[in-house]
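Participant: Residue numbering for the sequence shown is 32 to 226, as defined by the numbering used here.
Backbone N, C-alpha and C fix where the C-beta goes; we use that ideal spot for every residue, glycine too.
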Amino acid sequence: MSYIDAVEKTDVPHPPKYYTEPSFEEVCGVPIAYRRQGEGEIVVFMHGAGFTRRWIPMYELLSKSVDFIAPESPGFGETPMPDWFRDFSDLSIIYDQFFTQLELDKFHLIGYSMGGWAASEFAAYYPRRLKSLTLITPVGLRLEDNPGVDLFQLGPEDLMDRLFNDKEVMAEFMEGMDDFDEGIHLYSEFSSSAR
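1. Is the region 66 to 80 in contact with the region 96 to 116, if contact means three or more CB pairs nearer than 8 Å?
2. Quick one: what does DSSP say residue 55 is sitting in, helix, strand or coil?
3. Rounding to the nearest angstrom, what Cα-Cα distance links residue 41 and residue 176 in this structure?
4. Can you tell me whether residue 50 is buried or exposed? The criterion is at least 16 other CB atoms within 10 Å of its CB, across all chains shown.
5. If residue 157 sits next to residue 127, beta carbons under 8 Å apart, how far is it from one beta carbon to the other, in whole angstroms?
6. Is it right to say residue 152 is buried, meaning 16 or more other beta carbons lie within 10 angstroms of its own, or is it exposed?
7. Report the partner residues of residue 102 according to the DSSP bridge assignment.
8. How would you label residue 110, buried or exposed, when you count the other beta carbons within 10 angstroms and need 16 or more for buried?
9. When you compare only the Cα positions, how much space is there between residue 170 and residue 70?
10. Could you tell me the boundaries of the alpha helix (DSSP H) in which residue 185 lies?
11. Just to check my reading of the structure: residue 138 and residue 74 have Cβ atoms closer than 8 Å, yes? What is that Cβ distance to the nearest angstrom?
12. Since residue 161 and residue 140 should fall inside the 8 Å C-beta cutoff, what is the C-beta to C-beta distance between them, to a whole number of angstroms?
13. Whose CA, out of 167, 173, 133, 159, lies closest to the CA of residue 64?
14. Does residue 120 pass the burial test, meaning 16 or more other C-beta atoms within 10 Å, or should it be called exposed?
15. Within its chain, find whatever has a CB closer than 8 Å to the CB of residue 149; leave out the 5 residues flanking it on each side and keep chain order.
16. Apply the 10 Å Cβ neighbour rule to residue 66 and answer buried if 16 or more other Cβ atoms are within range, or exposed otherwise.
17. For the alpha helix (DSSP H) containing residue 156, name the first residue and the last one.
18. Comparing alpha-carbon positions, which option in 146, 130, 93 lies nearest residue 159?
And the structure:
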C-alpha cells in the first residue's frame, strides 16, 4: 500500500507525544481546529507542515506568560480542506473571520516555515489587526536575489535537514509512530502545503 492509498483510505495517523484535543470554531463552513492556553497579551502561532495536532513544549512555555493560540490551517491536522480553497488569499480571509469570531482585536502573530508565508500574507491584507509580526524560517517568500528552496524537490534526508537542526529532536516529536505511519503523517501535511 502506498502513502497515497493509506491517506485516502484511513484516518491520517499523528504522533501521540504531545497530542492534545483541539477546540473547534466553524469559519466559512470549515471547522477550524485550534489549541489555546494562557492569559495576557494574545499571541497567535501559524504552524509549518508536520507540526499540527500537538501542544509542544514551546507552546507550553509561551502560554505561561501570554494567551497563546495555535490554529490549524485548512488541510492540516484536524482541520479539513474545503473544496473551494484556492490559495493563501483564501487562508487570510478564513483567518480574519476566525480571529473575529474569537473576538481578537489586535494581537502578536508568529509564523513558522509555511506558517511564516501565511502570516506574511495575512499581515499584508490585515495590518490593522497586528501588534507585531514575527517570521521564523519562512518558506514561500521569494526575493529577487534569493529564490529559495523548493521543498517538494528535496529527498527525505535533505528535507529533514532543512526542518530540524538536530535530528534527535525530530525523533522525539515523531515518537510512537513507525516509519510507515510517520510517512503517511508527513505526506498528508506536505500535500496540503503543495495546494
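Facilitator: The relevant details are as follows:
1. Touching, yes.
2. Strand at residue 55.
3. With a pLDDT of 39 at residue 41, under the threshold of 50, the modelled position of that residue is not reliable, and no figure is offered here.
4. Result: exposed.
5. Contact flag correct, Cβ pair sits at about 6 Å.
6. Counting Cβ neighbours within 10 Å, residue 152 comes out buried, since at least 16 surround it.
7. 65.
8. It is buried - the Cβ of residue 110 has at least 16 other Cβ atoms within 10 Å.
9. For residue 170 and residue 70, the distance between alpha carbons rounds to 30 Å.
10. No alpha helix (DSSP H) holds residue 185; DSSP gives it neither H nor E.
11. Yes, residue 138 and residue 74 are in contact; Cβ-Cβ is about 7 Å, under 8 Å.
12. Going by Cβ atoms, the distance from residue 161 to residue 140 rounds to 5 Å, so yes, they are a contact pair.
13. That would be 133, whose Cα lies nearest to the Cα of residue 64.
14. Label assigned to residue 120: exposed.
15. Taken in chain order, the residues that qualify are 77, 104, 119, 122, 123, 126, 142.
16. Here residue 66 is buried, its C-beta having at least 16 other C-beta atoms within 10 Å.
17. It spans 145 to 156 - the alpha helix (DSSP H) in which residue 156 sits, taken as one unbroken run.
18. Of 146, 130, 93, the residue nearest in Cα terms is 130.
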